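Structure record follows, encoded as C-alpha coordinates.
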Amino acid sequence: MSGMDEAVSFFNSYLDADYAGNLAVRSESDEVLKERQIASRGFWHSTLNAPLSPGFGRPVGMPSEELARLAAKMNPVRRRLFLVAEYDDVEWGALYAGYIGGRGRTVQSYGGLLYAAGINGELKIIASYKEDIDKVPPPLRWCHSQGVEITLSGNPVAIRPLEVPTGRIAHKQDWEAFRNAGGDR
(Lines of atoms letter the chains of each structure in order from A and count residues from 1; the text may use other names and numbers.)
(Lines give C-alpha, C1' and ligand atoms only; values in the text may rest on other atoms or scores of the structure.)
Protein backbone atom coordinates (compact mmCIF):
# COMPACT_ATOMS: atom_id res chain seq x y z
CA MET A 1 0.00 0.00 0.00
CA SER A 2 1.40 3.41 -0.95
CA GLY A 3 1.73 6.27 1.50
CA MET A 4 -1.19 8.04 -0.17
CA ASP A 5 -3.37 4.91 -0.03
CA GLU A 6 -2.52 4.54 3.65
CA ALA A 7 -3.39 8.21 4.30
CA VAL A 8 -6.76 7.90 2.53
CA SER A 9 -7.54 4.75 4.53
CA PHE A 10 -6.42 6.45 7.77
CA PHE A 11 -8.58 9.54 7.27
CA ASN A 12 -11.59 7.38 6.31
CA SER A 13 -11.10 5.22 9.40
CA TYR A 14 -10.96 8.35 11.53
CA LEU A 15 -14.20 9.63 9.95
CA ASP A 16 -15.82 6.25 10.73
CA ALA A 17 -14.78 6.61 14.39
CA ASP A 18 -16.02 10.22 14.42
CA TYR A 19 -19.39 9.10 13.03
CA ALA A 20 -19.68 6.29 15.61
CA GLY A 21 -18.95 8.87 18.31
CA ASN A 22 -21.63 11.22 17.06
CA LEU A 23 -24.16 8.38 16.99
CA ALA A 24 -23.17 7.51 20.57
CA VAL A 25 -23.84 11.11 21.66
CA ARG A 26 -27.47 10.66 20.61
CA SER A 27 -28.28 7.23 21.89
CA GLU A 28 -25.61 5.38 23.86
CA SER A 29 -24.72 5.15 27.53
CA ASP A 30 -21.97 7.31 29.03
CA GLU A 31 -19.70 4.24 29.07
CA VAL A 32 -20.15 3.57 25.34
CA LEU A 33 -19.65 7.27 24.55
CA LYS A 34 -16.41 7.23 26.56
CA GLU A 35 -15.24 4.18 24.57
CA ARG A 36 -15.96 6.04 21.32
CA GLN A 37 -14.02 9.08 22.56
CA ILE A 38 -11.05 6.87 23.45
CA ALA A 39 -11.22 5.25 20.00
CA SER A 40 -11.28 8.69 18.36
CA ARG A 41 -8.34 9.89 20.46
CA GLY A 42 -6.35 6.93 19.12
CA PHE A 43 -6.14 8.78 15.79
CA TRP A 44 -4.72 11.95 17.38
CA HIS A 45 -1.21 12.87 18.53
CA SER A 46 -1.83 15.31 21.34
CA THR A 47 0.89 16.94 23.45
CA LEU A 48 0.90 19.43 26.31
CA ASN A 49 1.90 22.18 23.89
CA ALA A 50 -0.45 21.08 21.12
CA PRO A 51 -3.64 19.57 22.59
CA LEU A 52 -6.23 17.85 20.40
CA SER A 53 -9.61 16.39 21.31
CA PRO A 54 -12.51 14.64 19.56
CA GLY A 55 -15.23 16.83 18.09
CA PHE A 56 -18.09 15.11 19.90
CA GLY A 57 -19.32 14.68 23.45
CA ARG A 58 -22.04 15.52 25.95
CA PRO A 59 -22.30 16.04 29.70
CA VAL A 60 -21.92 12.85 31.75
CA GLY A 61 -25.15 11.60 33.29
CA MET A 62 -27.47 13.45 30.92
CA PRO A 63 -31.08 12.57 31.83
CA SER A 64 -32.91 10.46 29.24
CA GLU A 65 -35.39 13.28 28.50
CA GLU A 66 -32.55 15.67 27.62
CA LEU A 67 -30.83 12.96 25.62
CA ALA A 68 -34.04 12.43 23.62
CA ARG A 69 -34.25 16.19 22.90
CA LEU A 70 -30.60 16.22 21.85
CA ALA A 71 -31.15 13.22 19.57
CA ALA A 72 -34.13 14.92 17.92
CA LYS A 73 -32.02 18.00 17.09
CA MET A 74 -28.98 16.17 15.75
CA ASN A 75 -28.59 15.07 12.16
CA PRO A 76 -25.74 12.60 12.32
CA VAL A 77 -24.19 11.93 8.95
CA ARG A 78 -20.76 10.54 8.24
CA ARG A 79 -18.42 13.31 7.25
CA ARG A 80 -16.89 12.97 3.80
CA LEU A 81 -13.27 12.89 2.75
CA PHE A 82 -12.98 15.13 -0.30
CA LEU A 83 -9.26 15.22 -0.99
CA VAL A 84 -5.90 14.18 0.42
CA ALA A 85 -2.69 16.05 -0.41
CA GLU A 86 0.80 14.87 0.49
CA TYR A 87 3.56 17.33 1.31
CA ASP A 88 7.27 16.71 1.80
CA ASP A 89 7.72 18.68 5.01
CA VAL A 90 11.08 19.59 6.55
CA GLU A 91 9.87 18.90 10.10
CA TRP A 92 7.42 16.02 9.63
CA GLY A 93 8.60 14.26 6.46
CA ALA A 94 5.51 12.95 4.65
CA LEU A 95 2.68 15.21 5.82
CA TYR A 96 -0.87 14.48 4.69
CA ALA A 97 -3.68 17.03 4.50
CA GLY A 98 -7.21 15.61 4.61
CA TYR A 99 -10.00 17.93 3.50
CA ILE A 100 -13.13 16.70 5.29
CA GLY A 101 -16.80 17.59 5.12
CA GLY A 102 -18.89 19.27 7.74
CA ARG A 103 -21.70 17.81 9.80
CA GLY A 104 -25.42 17.88 9.16
CA ARG A 105 -26.37 20.59 6.69
CA THR A 106 -22.74 21.26 5.74
CA VAL A 107 -21.79 17.68 4.83
CA GLN A 108 -21.36 18.66 1.14
CA SER A 109 -18.90 21.46 2.03
CA TYR A 110 -15.45 21.55 3.55
CA GLY A 111 -15.84 21.33 7.31
CA GLY A 112 -12.23 21.03 8.31
CA LEU A 113 -8.65 20.36 7.31
CA LEU A 114 -6.72 17.71 9.21
CA TYR A 115 -2.97 17.15 9.00
CA ALA A 116 -1.50 13.72 9.70
CA ALA A 117 2.11 12.61 9.99
CA GLY A 118 3.98 9.47 10.96
CA ILE A 119 4.44 9.25 14.73
CA ASN A 120 6.35 6.18 15.94
CA GLY A 121 5.57 4.41 12.68
CA GLU A 122 1.83 5.18 12.61
CA LEU A 123 -0.14 7.98 11.01
CA LYS A 124 -1.63 10.34 13.59
CA ILE A 125 -3.58 13.57 13.27
CA ILE A 126 -1.31 16.35 14.48
CA ALA A 127 -3.35 19.44 13.58
CA SER A 128 -6.87 20.59 12.87
CA TYR A 129 -7.77 23.70 10.89
CA LYS A 130 -11.07 25.39 10.06
CA GLU A 131 -11.97 27.72 7.24
CA ASP A 132 -11.05 31.34 7.92
CA ILE A 133 -14.45 32.92 7.30
CA ASP A 134 -13.00 36.42 7.70
CA LYS A 135 -11.07 35.99 4.44
CA VAL A 136 -13.07 36.04 1.21
CA PRO A 137 -12.02 33.31 -1.25
CA PRO A 138 -10.38 32.74 -3.61
CA PRO A 139 -8.04 31.48 -2.45
CA LEU A 140 -9.62 29.50 0.37
CA ARG A 141 -7.82 30.19 3.65
CA TRP A 142 -7.60 28.14 6.82
CA CYS A 143 -6.99 29.09 10.44
CA HIS A 144 -5.47 26.94 13.15
CA SER A 145 -7.93 25.23 15.47
CA GLN A 146 -6.10 22.51 17.44
CA GLY A 147 -2.74 20.75 17.58
CA VAL A 148 0.53 21.96 16.11
CA GLU A 149 0.64 24.90 13.73
CA ILE A 150 1.62 23.83 10.23
CA THR A 151 3.70 26.00 7.91
CA LEU A 152 3.84 24.44 4.47
CA SER A 153 7.04 25.15 2.56
CA GLY A 154 5.95 24.04 -0.90
CA ASN A 155 3.37 22.53 -3.18
CA PRO A 156 1.95 19.04 -2.68
CA VAL A 157 4.02 16.18 -4.05
CA ALA A 158 0.88 14.05 -4.52
CA ILE A 159 -2.84 14.74 -4.62
CA ARG A 160 -5.76 12.33 -4.38
CA PRO A 161 -9.09 14.00 -5.27
CA LEU A 162 -11.85 11.71 -4.00
CA GLU A 163 -15.19 13.50 -4.13
CA VAL A 164 -16.01 17.04 -5.20
CA PRO A 165 -17.61 19.22 -2.51
CA THR A 166 -20.84 20.68 -3.89
CA GLY A 167 -22.11 22.70 -0.93
CA ARG A 168 -20.21 25.92 -1.70
CA ILE A 169 -18.80 27.23 -4.96
CA ALA A 170 -15.53 28.33 -3.30
CA HIS A 171 -14.95 24.80 -1.96
CA LYS A 172 -15.65 23.23 -5.35
CA GLN A 173 -13.26 25.68 -7.03
CA ASP A 174 -10.56 24.97 -4.44
CA TRP A 175 -10.99 21.21 -4.95
CA GLU A 176 -10.84 21.60 -8.74
CA ALA A 177 -7.66 23.70 -8.49
CA PHE A 178 -6.02 20.92 -6.45
CA ARG A 179 -7.24 18.24 -8.86
CA ASN A 180 -5.99 20.17 -11.90
CA ALA A 181 -2.63 20.87 -10.27
CA GLY A 182 -1.71 17.29 -9.61
CA GLY A 183 -4.29 14.76 -10.61
CA ASP A 184 -4.79 11.43 -8.92
CA ARG A 185 -1.47 10.04 -7.71
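Converting from the sequence shown to the numbering used here requires adding 158 to each position, the first position being numbered 1. The beta-carbon is built from N, C-alpha and C at its ideal position, and this holds for glycine as well. Owing to the predicted nature of the structure, the values given are computational and were not obtained by experimental measurement.
1. Note the first and the last residue of the continuous alpha helix (DSSP H) segment covering A226.
2. DSSP has A285 in a bridge; who is on the other side?
3. The beta strand (DSSP E) that contains F214, what's its start and end?
4. Using the Cα positions of S185 and G200, report the straight-line distance between them to the nearest angstrom.
5. Looking only at C-alpha atoms, which of V218, R326 and P209 sits nearest to D188?
6. Between the Cα of V183 and the Cα atoms of S204, H203, P212 and W202, which residue gives the shortest distance?
7. Per DSSP, what kind of secondary structure is I258 in: helix, strand or coil?
8. At the level of alpha carbons, what is the spacing between V265 and Y257?
9. Could you tell me the boundaries of the alpha helix (DSSP H) in which D292 lies?
10. Output the distance between the C-alpha atoms of V248 and I284, rounded to the nearest integer angstrom.
11. Drop a sphere of 10 angstroms on the beta-carbon of A229, count the other beta-carbons inside from all chains shown, and report buried for 16 or more, exposed for fewer.
12. Given K293, which residues of its chain have a CB within under 6 Å of its CB, disregarding the five upstream and five downstream residues?
Working from what's here:
1. S222 to K231
2. Y273 and G305
3. Counting along the chain, F214 falls outside any beta strand (DSSP E), and DSSP gives it neither H nor E.
4. 22 Å
5. V218
6. P212
7. strand
8. 12 Å
9. First-last for D292: undefined, no H or E at that position.
10. 15 Å
11. exposed
12. R299
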